Each structure stands twice: as structure tokens, then as C-alpha cells.
Amino acid sequence: MFDVAIIGCGPVGALAANLLGREGLNVVVLEKELTHYPLPRAVHLDHEMMRLFQSAGVLERVLPDMVDTDGHLHVGASAQAIRYMGTVGMPRPFGWSNDWFFYQPELEEHLRAGFADMANVDFRIGAEFTALDQSDGPVRITYTQDGAQHQVAARWAIACDGSRSPVRKALGIKLDDLDFEEPWLVVDAEVDGPVRFPDIAGVPEQGDLQRLSVMMCDPKRPATIVPGRGNHRRWELMLLPDEDDAAMMAPDKVAELLAPYIGDVPHKIVRSATYRFHGLVAESWQEGNVFLAGDAAHQTPPFFGQGMCHGCRDVANLAWKMAAIIKDHASPEILCTYQPERDPHVRGVIGAAVNVGRYICELDPAKAATRDAEMIARAEAQKGKQETAHDLIPAISTGIIHRGSAGAGERFIQPVLTDGRKLDDLTGGGWRLFTLADATALPDGGAVSAWLAARSAEAVMIRPDHYVFGTGTAEELRKAYAAQMGLSLETAA
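Read in numbering that gives the first Met the number 0, the sequence shown has 368 at position 369, and its numbers run on one by one without any break.
Have a look at this one:
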């Protein structure tokens with residue numbers, strides 16, 4: 000019997016396999032397709048995902064095929080910047096740029112290569128899920144492969160099988176509809192030259208439109224233009240009322256829509272497809288020993304580029320808890336904190352994305368003009384303050400944290416050390432405890448010491464997923480950690 004069965008090996012399932020395999024757990028991965036999906040779907044990740052790639056040991060594989068960019072710019076109907084979310088010219092406390100773009104087929108290939116040589120990870124392609132049963136304890140998964148039916152058993156199963164999730168349907172789990180559905184045309188292209196934009200007033204200092212995700216909030220046709228690695232570019236164009244999906248995907252129509260941005264620049268259309276952008280969250284993310292992750296658990300409108308980020312956070316949350324149960328004999332009950340910790344993150348971002356989607360999708364010129372004026376006034380009032388999509392994610396407020404202590408549930412900083420490495424390269428993963436004495440000895444220019452001083456804390460304990468467990472004295476934190484993990488003090492030490 001395996002420790003964990005992962006159903007679905009897109010980027011989220013592949014990251015889960017790397018994290019769990021690196022912890023030494025016995026893992027089986029079931030993927031119905033014979034090869035990874037050949038076309039781009041997700042394109043954006045943030046700094047927290049880059050840190051998870053560090054944890055998973057795949058950073059050197061993925062980094063050469065990624066490009067960091069300057070954030071997200073919203074442009075109003077009169078070509079005036081109305082909102083900027085980015086970090087141009089600002090500090091990067093987590094060690095990485097805030098916005099990274101990639102080509103999904105390459106990323107999936109790299110993530111699969113990351114666990115390919117792990118003897119404790121069994122990867123089965125062409126394995127299509129058909130049923131599961133956990134009435135006698137273990138999760139017994141039935142799947143078809145090469146025309147035959149097979150079964151595999153695991154202590155836990157993680158369903159990373161996408162928005163249509165056969166596992167979610169087999170469990171009878173319903174989706175909570177957050178009341179957002181808009182039709183958009185998504186076009187990916189290889190463009191051998193710069194994208195054209197109108198003259199935009201108010202672009203942030205040092206901002207380069209070729210390095211920004213630009214959301215044109217134009218009531219004539221809202222659109223998003225997304226940079227990518229190499230010559231890959233993406234357009235997301237809202238379909239207007241009564242426009243037909245098939246007609247809008249026709250090559251001549253796609254060429255017409257892209258003409259203002261491309262002109263005569265040589266290019267090749269990689270794909271065009273229509274989507275309904277949704278805000279949906281599963282009512283339950285856990286059924287017994289089966290957990291939903293990624294799009295199987297939630298679907299996020301793409302306006303902040305957080306869809307895949309959510310899935311990566313999901314499996315990072317599960318992986319360290321499963322490893323603690325298997326390796327450290329922590330209480331299995333810690334897995335009951337999965338949805339309470341993750342659901343508020345997802346709903347926080349979906350709520351913000353839905354609100355932004357509604358103002359981006361405004362088709363009434365008068366209402367768009369009012370919106371623009373309000374957004375410009377808001378931006379002026381916040382001038383000088385950094386705003387990023389990551390700011391939309393609240394701190395963990397329940398679950399495995401030392402509640403009431405300063406900084407509990409925040410993401411912990413990752414300063415760059417004086418030798419050029421990042422903090423996690425020095426300390427490694429797992430649980431970490433920094434006292435003031437430890438912080439003073441770190442070659443990080445005083446960043447950890449300053450973090451502790453700002454919270455009047457003697458020590459800080461960090462979870463394996465890089466969230467702050469809590470602050471206090473070292474002894475207080477050890478006791479709280481032992482109690483919440485179901486460990487004795489001797490074991491916890």
C-alpha cells in the first residue's frame with residue numbers, strides 16, 4: 000500500500016509528487032493522458048511558488064524557462080493607467096520577483112523530470128480514474144490502463160484532476176458558485192517583435208509595457224495582454240453579448256482582434272479557445288482520506304493570475320502535514336486543518352478577482368468613465384504604497400498556528416544572504432526556529448532581526464510551507480508546536 004495516491008499529473012499534481020517524494024513518502028501518480036498537455040493554459044506564478052520550487056528541489060530545472068516581469072497594469076477607457084499592482088523599484092522581501100511567466104508544457108516537463116528518478120514515486124501514465132472506495136480505511140482506487148482494470152490502495156489520495164474532477168463527482172461534492180461567469184476568448188501566439196499599445200498615461204516609473212500584464216478596461220472590448228517567456232504572448236478578449244464562440248475563434252476573426260496589437264509583426268497563432276471565467280469553490284475539500292486540490296477544489300477568474308498558485312499552495316499544505324504524520328508520528332487530525340487554512344485564501348482572492356472582473360468587464364461607457372475617475376483618485380491616495388496580487392491573500396487565522404502571537408499566519412520573509420544565496424538555501428526546509436541570537440548570526444544583513452524587532456518577539460517558528468507558526472519565547476513555541484501537532488515535548492524537541 001502506498002502512502003499517497005495522486006490523481007492527475009498537471010503542474011499541481013507534479014509538484015505534489017516532488018514534495019512528497021522528497022520527504023521519502025511512497026507515492027503513486029495516476030495520469031490518464033500518455034503525454035503532458037501540449038498547449039499553454041496557465042501562464043503566471045508568484046514569488047511564493049518560486050519558493051515552493053526551492054523546497055521541492057526543482058528550481059534549477061524550471062528557472063531557465065521562466066521570466067520575471069513587472070506586475071499588472073489596469074488601463075481605463077481613455078488610455079489612462081487606473082491601477083498598478085507590482086514591485087518595480089521596490090524591495091523584494093521574499094527573495095523573488097513578484098510575478099513570473101512561463102510556458103506550461105515546459106513547466107510540466109520539468110516538474111515531471113524532478114521526480115522521475117525517485118524510486119519511491121511510481122508514475123503510471125494512461126491510467127484513468129474510474130472509482131474509489133474507502134469503506135475499510137485505505138483509499139482503494141480503481142482505474143483503467145491499456146484496456147484493463149486495475150486497483151491501487153493508499154493511505155490518502157489527492158485529487159489534482161482538474162475543474163471537471165471525476166474524483167469530486169464520484170464523491171458527490173458540490174461547488175459553491177460565487178456568482179461570476181463571463182465568456183472570454185483566449186489566444187496564445189508566438190510574436191517576433193514587441194506588442195503595440197496605445198499611448199498610455201500614468202505608466203509607473205521604470206515600468207515597461209512589454210514586461211507588464213496589461214488589462215485594457217475598454218468598454219468597447221475589455222482585454223488582457225500577457226507577456227510570456229521568449230516570444231510567447233497571450234491575449235484574453237471578452238466576448239460581447241450575442242457573439243458566438245465558434246465564430247470568434249475563426250482565424251480571420253482572431254487576426255482582426257489581434258491586429259491593433261500586432262500589426263505587421265511576424266507571428267504564429269498557437270491556439271485560440273473560448274472559456275467561461277468562473278468563481279467556484281468546493282463545499283468540502285476532504286472526504287475521509289481523499290483531498291481535493293487545485294482546480295478540483297476551486298476555480299478562480301484569471302484577473303490576478305492566481306489559479307495555479309492556489310493549487311500549489313494546496314499541495315504544499317497537504318505535503319508537509321502528511322510527511323509529519325508518516326515520519327514524525329504527528330496526529331492524523333492535523334489534516335483536518337487543510338480546508339480551514341486554505342479556503343479563506345482562495346475565497347479572498349476569488350472575491351477580489353470577481354470584483355475586479357466586474358469593473359474590467361464594464362461595457363457601459365458612462366459607468367466606465369465613472370469607474371476610471373474613482374480608480375485614479377484611489378491610486379493617487381495610495382501613491383507610494385506597494386500593491387501586489389499577493390496582498391489579497393489573508394494571513395492564516397485558524398489551523399496550525401500559535402494564535403494570538405504577533406505575525407502568526409503571515410508568510411515569512413526570505414532575505415538574500417550576503418553570499419548571494421537565499422535564506423532557505425542556508426536553513427533548508429522543514430520547521431525552523433529563529434531566536435534573536437540566531438538571527439544576529441545570520442549573514443542576511445539583519446533582515447530576520449528586524450522582522451523580530453518589528454513584532455517585539457524573542458523568537459519565531461516557521462512552518463515547512465514558509466508560513467509563520469507564531470512568535471514568542473523558544474520554549475513557548477516548542478510547547479505550542481507539540482500540542483498542535485499531537486506530539487510529546489520529547490518528540491517535538
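For each residue, glycine too, the CB sits at the ideal point set by N, CA and C.
None of the values given here were measured: they were computed from a predicted structure.
Worksheet item: Near Gly201, what residues of its chain come up, given a Cβ to Cβ distance below 6 Å and the 5 sequence neighbours on each side ignored?
Response: On the sequence shown, position 202 is the one that residue 201 refers to. Around Gly201: Gln79 and Ala80.
Fill in: Three-state class that DSSP yields for Ala80 in the structure shown
As a first step, residue 80 must be located in the sequence shown, where it is residue number 81. Looking at Ala80 - three-state DSSP - the assignment turns out to be strand.
Worksheet item: How would you write the range of the beta strand (DSSP E) that Val27 sits in, first residue to last?
Response: Within the sequence shown, residue 27 is the residue found at index 28, counting from 1. Residues Val26 to Glu30.
Item to complete: Counting only the same chain and skipping the five closest in sequence on each side, list residues whose C-beta sits under 8 Å from that of Gly262.
Response: On the sequence shown, residue 262 is found 263 positions in, with the first residue counted as 1. Closer than 8 Å at Cβ, skipping near neighbours: Arg195.
Worksheet item: When DSSP labels each residue in this structure, what does Arg462 get in the three-state scheme?
Response: As a working mapping, residue 462 is identified with position 463 in the sequence shown. Coil, per DSSP.
Worksheet entry | Residues near Val253 in its chain [Cβ-Cβ closer than 7 Å; skip 5 each side] | On the sequence shown, position 254 is the one that residue 253 refers to. Same-chain partners within the cutoff: Val186, Ile268 and Ser271.
Worksheet item: In chain order, what residues of the same chain lie with their CB nearer than 7 Å to the CB of Asp464, ignoring the 5 residues before and after it?
Response: For the purposes of this step, residue 464 is taken as residue 465 along the sequence shown, with counting starting at 1. Hits under 7 Å: Ala315, Asn316 and Trp319.
Worksheet item: Going straight from the alpha carbon of Pro165 to that of Gln150, what length do you get?
Response: By 1-based counting over the sequence shown, the position of residue 165 is 166. By 1-based counting over the sequence shown, the position of residue 150 is 151. For Pro165 and Gln150, the distance between alpha carbons rounds to 16 Å.
Discussion item. For Phe276 and Ala351, which I take to be in contact (beta-carbon distance under 8 Å), what is that distance rounded to the nearest angstrom?
Written reply: Numbered from its first residue, the sequence shown carries residue 276 at position 277. Numbered from its first residue, the sequence shown carries residue 351 at position 352. So it is not a contact: roughly 14 Å between Cβ atoms.
Worksheet entry | Simplified DSSP state of Gln305, which is helix, strand or coil | Taking the sequence shown and counting its residues from 1, one reaches residue 305 at position 306. Annotated three-state conformation of Gln305 is coil, per DSSP.
Worksheet item: If you count every other CB in all the chains shown that lies within 10 Å of the CB of Asn97, and 16 or more means buried, which is it?
Response: Here residue 97 refers to the residue found at position 98 when the sequence shown is read from its first residue. Asn97 comes out buried.
Discussion item. Excluding the 5 residues flanking Asn17 on each side, which residues of the same chain have their C-beta closer than 6 Å to its C-beta?
Written reply: On the sequence shown, position 18 is the one that residue 17 refers to. Ala55, Val57, Gly113 and Phe114.
Worksheet item: So the beta strand (DSSP E) Trp450 belongs to, where does it begin and stop?
Response: The count along the sequence shown starts at 1 and reaches residue 450 at position 451. No beta strand (DSSP E) holds Trp450; the alpha helix (DSSP H) holding it covers Ala446 to Ala453.
Worksheet item: Taking the alpha-carbon positions, what's the Ala126 to Glu32 distance?
Response: In the sequence shown, the residue the question calls residue 126 occupies position 127. In the sequence shown, the residue the question calls residue 32 occupies position 33. About 7 Å.
Worksheet entry | For Ser54, the three-state DSSP class (helix, strand or coil) | Numbered from 1 along the sequence shown, position 55 holds the residue referred to as residue 54. It is helical.
Item to complete: Please say whether Gly406 and Gly306 have beta carbons closer to each other than 9 Å?
Response: For the purposes of this step, residue 306 is taken as the residue at position 307 of the sequence shown. For the purposes of this step, residue 406 is taken as the residue at position 407 of the sequence shown. Cβ distance not < 9 Å, so Gly306 and Gly406 don't count as in contact.
Item to complete: Please go through the same chain and pick out, in chain order, the residues whose beta-carbon is closer than 7 Å to the beta-carbon of Thr336, but skip the five residues on each side of it.
Response: As a working note, residue 336 is residue 337 in the sequence shown. Here the set comprises Gly398 and Ile399.
Worksheet item: Where DSSP assigns a beta bridge to Ile400, which residues make up the other side?
Response: Looking up residue 400 in the sequence shown gives position 401. Ile400 is not bridged to any residue.
Worksheet item: If you pair each beta-carbon of the segment 155-175 with each one of the segment 286-300, do three or more pairs fall below 8 Å?
Response: Note that the segment 155-175 touches the segment 286-300; at least 3 beta-carbon pairs, one per stretch, sit closer than 8 Å.
Discussion item. As an exercise, report each continuous alpha helix (DSSP H) stretch of at least 4 residues that is fully enclosed by the segment 351-405, in chain order.
Written reply: 364-380
Worksheet item: Would you call the segment 343-362 and the segment 215-224 in contact, with 3 or more CB pairs under 8 Å?
Response: yes
Worksheet item: Leaving out five residues before and five after Pro104 in sequence, what residues of the same chain have Cβ atoms less than 8 Å from its Cβ?
Response: The residue given as residue 104 occupies position 105 in the sequence shown. Closer than 8 Å at the Cβ level, and outside the excluded window around Pro104, lie His35, Tyr36, Pro37, Leu38 and Pro39.
Discussion item. So, at 7 Å on beta carbons, what are the nonlocal neighbours of Leu425 in its own chain, with the 5 sequence-adjacent residues on each side left out?
Written reply: The sequence position of residue 425 within the sequence shown is 426, counting from 1. Contacts found: Leu416.
Worksheet item: If you draw a straight line from the alpha carbon of Asp178 to that of Gly278, how long is it in whole angstroms?
Response: Stepping through the sequence shown from its first residue, residue 178 is reached at position 179. Stepping through the sequence shown from its first residue, residue 278 is reached at position 279. Their backbone Cα atoms lie some 7 Å apart in a straight line.
Worksheet item: Do you know offhand how far Gln144's Cα is from His309's?
Response: Translated into positions along the sequence shown, residue 144 becomes position 145. Translated into positions along the sequence shown, residue 309 becomes position 310. Going by the C-alpha atoms only, they are around 30 Å apart.
Item to complete: Kindly indicate which three-state DSSP category Trp99 falls into: helix, strand or coil?
Response: Here residue 99 refers to the residue found at position 100 of the sequence shown. Here Trp99 sits in strand by DSSP.
Practice prompt. Using beta-carbon positions only, say whether Phe100 and His43 come within less than 9 Å of one another.
Written response: As a position in the sequence shown, residue 100 is number 101, starting the count at 1. As a position in the sequence shown, residue 43 is number 44, starting the count at 1. In this structure, His43 lies closer than 9 Å to Phe100 by Cβ.
Discussion item. Please report the distance separating the alpha-carbon of Leu441 from that of Leu422.
Written reply: On the sequence shown, position 442 is the one that residue 441 refers to. On the sequence shown, position 423 is the one that residue 422 refers to. Near 9 Å, if we compare the C-alpha coordinates of Leu422 and Leu441.
Worksheet item: Who pairs with Gln483 in a beta bridge, going by DSSP?
Response: Here residue 483 refers to the residue found at position 484 of the sequence shown. Looking at the DSSP assignment, Gln483 forms no beta bridge with any residue, so it has no partner.
Worksheet item: Along the chain, where does the beta strand (DSSP E) that runs through Lys267 open and close?
Response: Within the sequence shown, the letter at position 268 stands for residue 267. Its beta strand (DSSP E) spans residues His266 to Ala281.
Discussion item. For the pair the segment 377-392 and the segment 0-16, tell me if three or more CB-CB distances fall below 8 Å.
Written reply: no
Discussion item. What does the alpha-carbon distance come out to for the pair Phe411 and Ser455?
Written reply: Mapped onto the sequence shown, residue 411 falls at position 412. Mapped onto the sequence shown, residue 455 falls at position 456. C-alpha separation (whole angstroms): 16 Å.
Discussion item. Please classify Gln53 as buried or exposed, where buried requires at least 16 neighbouring CB atoms within 10 angstroms.
Written reply: As a first step, residue 53 must be located in the sequence shown, where it is residue number 54. Buried is the call here.
Discussion item. Please state whether the Cβ-Cβ distance between Pro265 and Val355 is less than 9 Å.
Written reply: Numbered from 1 along the sequence shown, position 266 holds the residue referred to as residue 265. Numbered from 1 along the sequence shown, position 356 holds the residue referred to as residue 355. Not a contact, by the Cβ cut-off of 9 Å.
Item to complete: Leaving out five residues on either side along the sequence, give the residues of the same chain with a beta carbon under 7 Å from the beta carbon of Asn288.
Response: Your numbering for residue 288 matches position 289 in the sequence shown. Excluding sequence neighbours, Asn288 sits near Gln133, Val138, Arg154, Trp155 and Ala156.
Worksheet item: Among Met0, Gly12 and Leu51, which has the Cα closest to the Cα of Gly429?
Response: Translated into the one-based positions of the sequence shown, residue 429 becomes position 430. Minimum Cα distance to Gly429 is reached at Leu51.
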